[in-house]
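Chains as they are written, first to last, in our numbering: chain A, 2 to 472; chain B, 6 to 226.
We treat Cβ as the ideally placed atom computed from N, Cα and C, and that holds for glycine.
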Amino acid sequence: MPASWVRLDNASNIFLAARSDADPKVFRISAEVDHAVEPRLLQQALEATYERYRLYHAVLRGGMFWYYLQTSDLRPTVSPEHLPTCAPIYREDRRNLLFRVAYRRQRIILEIFHALSDGTGALWFLTDLVTAYLRAQGADAAGAGGGDTALPADPASQPVEDEPHPAHELIADSFSHYFHRTREPFAPADAESEAPRTAPLRTAATAALRIPRWLRAPRTRVHRIRGTRTPDNRTRVVELTMPAPAVLALARAQQTSLTIYLTALFFRALRESIGPLGHANTLAASIPINLRQFFPSTSARNFFATVRVEHAFDADGAGDDLGSICHELEAQFKPKATPQALERKLRRLIRFERTPLLRILPRVLKDAILRLINWGNNRGLSVAVSNLGRVVLPEPAGSRVGRMLFHVSAVRPQFCATSHAGLLTISFTSPFVETDHVRAFVRMLTDSGVDVSVAAARVTEDELAPQEPGA
Amino acid sequence: MRRCEECAVTIEGTWTTCPLCRTALIGDASPDPLPSVPLTFSKRRILKALFFASLAVILVSFVVQLFFARDLDGIGVWRSIWLGVTAMWLVVLMAVRKRRNVAKGTVYLVALIGLVCVYWDYLGGWQRWSVTYAVPIVCASAIIALLITVQLLRIDVAEHLVYSGLTVLLGLAPFVFLVFGWVNNPWASWSCIVVSLVALGDVQILRGREMRLELAKRFHL
Numbered sequence: 002m003p004a005s006w007v008r009l010d011n012a013s014n015i016f017l018a019a020r021s022d023a024d025p026k027v028f029r030i031s032a033e034v035d036h037a038v039e040p041r042l043l044q045q046a047l048e049a050t051y052e053r054y055r056l057y058h059a060v061l062r063g064g065m066f067w068y069y070l071q072t073s074d075l076r077p078t079v080s081p082e083h084l085p086t087c088a089p090i091y092r093e094d095r096r097n098l099l100f101r102v103a104y105r106r107q108r109i110i111l112e113i114f115h116a117l118s119d120g121t122g123a124l125w126f127l128t129d130l131v132t133a134y135l136r137a138q139g140a141d142a143a144g145a146g147g148g149d150t151a152l153p154a155d156p157a158s159q160p161v162e163d164e165p166h167p168a169h170e171l172i173a174d175s176f177s178h179y180f181h182r183t184r185e186p187f188a189p190a191d192a193e194s195e196a197p198r199t200a201p202l203r204t205a206a207t208a209a210l211r212i213p214r215w216l217r218a219p220r221t222r223v224h225r226i227r228g229t230r231t232p233d234n235r236t237r238v239v240e241l242t243m244p245a246p247a248v249l250a251l252a253r254a255q256q257t258s259l260t261i262y263l264t265a266l267f268f269r270a271l272r273e274s275i276g277p278l279g280h281a282n283t284l285a286a287s288i289p290i291n292l293r294q295f296f297p298s299t300s301a302r303n304f305f306a307t308v309r310v311e312h313a314f315d316a317d318g319a320g321d322d323l324g325s326i327c328h329e330l331e332a333q334f335k336p337k338a339t340p341q342a343l344e345r346k347l348r349r350l351i352r353f354e355r356t357p358l359l360r361i362l363p364r365v366l367k368d369a370i371l372r373l374i375n376w377g378n379n380r381g382l383s384v385a386v387s388n389l390g391r392v393v394l395p396e397p398a399g400s401r402v403g404r405m406l407f408h409v410s411a412v413r414p415q416f417c418a419t420s421h422a423g424l425l426t427i428s429f430t431s432p433f434v435e436t437d438h439v440r441a442f443v444r445m446l447t448d449s450g451v452d453v454s455v456a457a458a459r460v461t462e463d464e465l466a467p468q469e470p471g472a
Numbered sequence: 006m007r008r009c010e011e012c013a014v015t016i017e018g019t020w021t022t023c024p025l026c027r028t029a030l031i032g033d034a035s036p037d038p039l040p041s042v043p044l045t046f047s048k049r050r051i052l053k054a055l056f057f058a059s060l061a062v063i064l065v066s067f068v069v070q071l072f073f074a075r076d077l078d079g080i081g082v083w084r085s086i087w088l089g090v091t092a093m094w095l096v097v098l099m100a101v102r103k104r105r106n107v108a109k110g111t112v113y114l115v116a117l118i119g120l121v122c123v124y125w126d127y128l129g130g131w132q133r134w135s136v137t138y139a140v141p142i143v144c145a146s147a148i149i150a151l152l153i154t155v156q157l158l159r160i161d162v163a164e165h166l167v168y169s170g171l172t173v174l175l176g177l178a179p180f181v182f183l184v185f186g187w188v189n190n191p192w193a194s195w196s197c198i199v200v201s202l203v204a205l206g207d208v209q210i211l212r213g214r215e216m217r218l219e220l221a222k223r224f225h226l
């Protein structure tokens with residue numbers, strides 16, 4: 002039987018064009034369980050989960066005009082973590098799966114090439130994987146401890162199908178489902194008039210797609226963060242773990258959402274670690290939005306859009322306190338993150354992508370154009386921020402998983418946040434060695450009375466040098 | 006867990022100084038949640054530079070030949086050695102670069118070798134040895150080699166079909182040579198055409214459906 006295939010969707014093409022040595026466009030979600038992970042059971046759980054996610058069977062191939070995902074008969078295997086976080090997965094001309102599963106001590110790690118899926122899609126897979134694993138592990142432990150409880154250890158024979166599962170098939174591309182020009186608008190249009198059209202600053206940015214941003218003269222000078230590249234282009238990651246309620250209380254005190262609060266804190270931290278920003282005094286961040294919350298979809302494929310927010314720092318420091326920045330970012334973010342605004346933006350994007358002239362361009366040229374657009378977009382961004390939100394796992398995973406972590410390979414300093422079991426983790430990733438902005442960020446949190454614990458991966462030769470004995 | 010007094014945070018793992026501010030830590034080490042992965046240095050960039058440098062040298066070598074007159078005494082031998090070495094280098098480069106997909110690599114090689122031979126023939130006064138012998142023999146050999154390789158290496162049909170088809174089509178090129186009367190001796194061309202037609206029959210009759218699906222996929226608009 003010929004393998005089935007599907008053209009790569011809208012958002013995913015950019016990941017192929019934009020990947021580089023320092024940023025292979027890979028992200029990782031990991032979960033810490035209450036014991037050292039047992040590889041044999043994890044492998045069984047992976048096989049059972051893999052069976053149900055057809056999308057994850059895909060390999061990526063290049064056609065004449067588009068990339069496409071094609072199902073394969075490859076099998077995934079779990080391995081002890083032996084690579085730096087978010088190491089490259091997709092390489093041209095190599096037929097391999099677009100994800101990997103690893104483990105280390107208590108951590109179960111899922112890494113995915115971003116063209117395959119987004120954070121939410123990956124979280125579904127990890128949830129099922131961890132649940133299947135813990136069920137098998139629980140049964141195994143009970144079997145070993147309690148003698149003949151006769152529970153099957155094979156997760157495949159466990160009743161994992163008891164909750165309705167979304168179809169994780171290859172076909173579902175939610176972008177064309179919702180935003181193709183022949184589709185009726187999904188978001189109620191009457192709410193549109195209520196959306197504040199006179200939003201401050203860059204409401205016009207939603208119209209930016211008409212004229213690519215790189216063609217327009219930049220109105221504000223956006224500060225681009227520079228630094229020393231890590232020696233072998235690996236991602237520098239610093240994980241911060243803290244009690245979620247404490248940080249939520251801080252955000253509430255500023256009357257803003259957690260994402261916006263953390264973004265504002267990030268801006269303050271950058272301002273403090275860089276010093277005076279000089280001529281290019283605007284910091285800008287891109288924030289991805291999960292579109293499934295507005296446009297219901299069970300597709301595990303990419304389905305998100307990004308919103309850009311920015312803040313210009315004054316030379317005299319007026320209006321640069323945390324509260325003002327929160328307020329300003331919130332005012333920019335809110336109107337752009339409505340279903341109506343997102344639908345308008347995405348319909349434009351899809352219409353652009355489906356232009357006949359663009360469709361008949363060979364893939365190599367499409368890639369070049371996307372790279373150019375991506376380069377233009379990058380010029381307007383200082384940092385990126387991503388919040389996966391509070392994760393809810395089904396039992397037994399809910400009570401047996403501690404903190405969860407979310408990393409992403411980054412072309413610029415970035416943080417990813419997620420929370421589970423009352424623990425908020427904020428993982429800073431960067432292509433640069435420097436961690437000054439993380440230090441400033443952490444110190445602001447600890448000054449506000451939040452207990453923070455820090456874990457960092459070693460990236461430089463000095464850090465990796467063997468520790469002196471007794472130290 | 007260790008603690009950094011300056012940052013007022015606990016530090017997981019075996020760090021002796023704070024990863025954020027380099028202050029010495031106090032307290033006992035804990036297991037490191039992240040592995041210490043030794044540095045690796047990818048040779049990709051060097052190989053890429055070497056590849057393009059080689060390509061430039063080869064191209065210049067070929068172009069320079071145009072400036073040496075055909076009747077220059079003694080140039081023939083030196084030209085043969087020079088072109089032989091550069092052509093071989095080109096073949097090796099391409100074979101290594103396209104090693105992950107044998108069928109694709111074969112198409113590249115057939116096209117390259119064919120072009121180099123025709124150019125070489127032209128430089129040497131167009132005795133038509135390239136179109137009479139070299140190109141048909143290379144095409145026919147490539148088709149036979151591919152048929153054997155995909156069987157022996159058990160290459161997935163979808164992986165090689167389009168490129169095998171292309172190689173077979175290239176094998177029909179000698180027909181054009183015959184029609185225009187460019188050949189001194191027709192047996193090599195005819196042999197190549199026969200091999201090509203047999204292979205084409207195999208592709209069309211046995212793999213027709215797969216071929217159509219594969220083409221629909223690769224040329225999807």
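The Cβ of B/Ile-16 sits closer than 8 Å to at least one Cβ of chain A. In the three-state DSSP reduction, A/Ala-332 falls in the helix class (H, G or I). Identification of chain A residues near B/Lys-222 by a Cβ-Cβ cut-off of 7 Å yields Trp-6, Gly-64, Tyr-69, ordered along the chain. Burial check for A/Trp-67: the Cβ neighbour count within 10 Å reaches 16 or more, so the residue is buried. In the DSSP assignment, A/Ile-113 falls within the unbroken beta strand (DSSP E) covering 108–114. Against chain A, the CB of B/Ala-13 has a partner CB under 8 Å away; the residue lies at that interface. In the structure shown, the three-state DSSP call for A/Thr-86 is coil.
Secondary structure remark: continuous alpha helix (DSSP H) runs of at least 4 residues inside the segment 140–172 of chain B, in chain order: 140–157. DSSP, read as helix, strand or coil, puts B/Ile-51 in helix. Per the DSSP secondary-structure output, A/Phe-100 pairs in a beta bridge with A/Ile-113. Straight-line spacing of the CA atoms in A/Glu-435 and A/Gly-63 works out to 37 Å. Residue range 384–391 is occupied by the beta strand (DSSP E) that includes A/Ser-387, with no alpha helix (DSSP H) assigned at that position. For the segment 92–121 of chain B, the residues whose beta carbon sits under 7 Å from a beta carbon of chain A are, in order, Arg-105, Asn-106.
Residues of the same chain with a CB within less than 6 Å of the CB of A/Ser-31, apart from the 5 flanking positions on each side, are Arg-108, Ile-110, Leu-406 in chain order. Contact between A/Ile-361 and B/Leu-220 fails: their C-beta atoms lie close to 16 Å from each other, not under 8 Å. Excluding five sequence positions before and after A/Arg-92, none of the CB atoms of its chain fall closer than 7 Å to its own CB. Taking 7 Å as the cut-off between beta carbons, the residues of the segment 445–465 of chain A near chain B are Thr-447, Val-453, Ser-454, Val-455, Ala-456, Ala-457, Ala-458, Arg-459, Glu-462, Leu-465, in sequence order. A/Pro-232 and A/Thr-461 do touch by the CB rule: their CB atoms are close to 6 Å apart, below 8 Å.
For B/His-225, the chain A residues whose Cβ falls inside 9 Å of its Cβ are Trp-6, Arg-8, Gly-64, Met-65, Phe-66, Trp-67, Tyr-69, in order along the chain. Contact annotation: in the segment 353–383 of chain A, residues whose CB is within less than 8 Å of a CB in chain B are Arg-360, Ile-361.
At least one C-beta of chain A is nearer than 8 Å to the C-beta of B/Leu-39.
Within 10 angstroms of the beta-carbon of B/Lys-109 lie 16 or more other beta-carbons, which makes it buried.
Along the segment 7–78 of chain B, the beta strand (DSSP E) occurs as fully enclosed runs of 3 or more residues at 7–9, 14–16, listed in sequence order.
About 5 Å separates the beta carbon of A/Thr-50 from that of A/Leu-130, a gap short enough to meet the 8 Å contact definition. From the beta-carbon of A/Asp-119, no residue of chain B is found nearer than 9 Å; the closest lies around 23 Å away.
Ranked by Cα distance from A/Thr-283, the first of A/Thr-78, A/Tyr-262, A/Ile-326, A/Leu-389 is A/Ile-326.
At a cut-off of 4 residues, the continuous stretches assigned as alpha helix (DSSP H) that sit fully inside the segment 6–46 of chain A are 11–19. By the neighbour-count criterion, in which 16 or more other beta carbons inside 10 Å mark a residue as buried, B/Glu-10 falls on the exposed side.
Just measuring C-alpha positions, the residue of B/Gly-176, B/Pro-43, B/Gln-70, B/Lys-48 sitting nearest B/Trp-87 is B/Gln-70.
The way I'd put it, the segment 14–25 of chain B doesn't touch the segment 51–65 of chain B; fewer than three beta-carbon pairs between them come closer than 8 Å. For A/His-178, the uninterrupted alpha helix (DSSP H) segment begins and ends at 175–180. By the 16-neighbour rule on beta-carbons within 10 angstroms, B/Val-65 is exposed. Per the C-alpha coordinates, the member of A/Ser-387, A/Val-402, A/His-421 positioned closest to A/Ser-410 is A/Ser-387. The beta carbon of A/Arg-76 sits no closer than 8 Å to any beta carbon of chain B. If you check the CB distance, A/Arg-401 and A/His-421 do not come in under 8 Å. Taken through DSSP and simplified to helix, strand or coil, B/Ala-108 comes out as helix.
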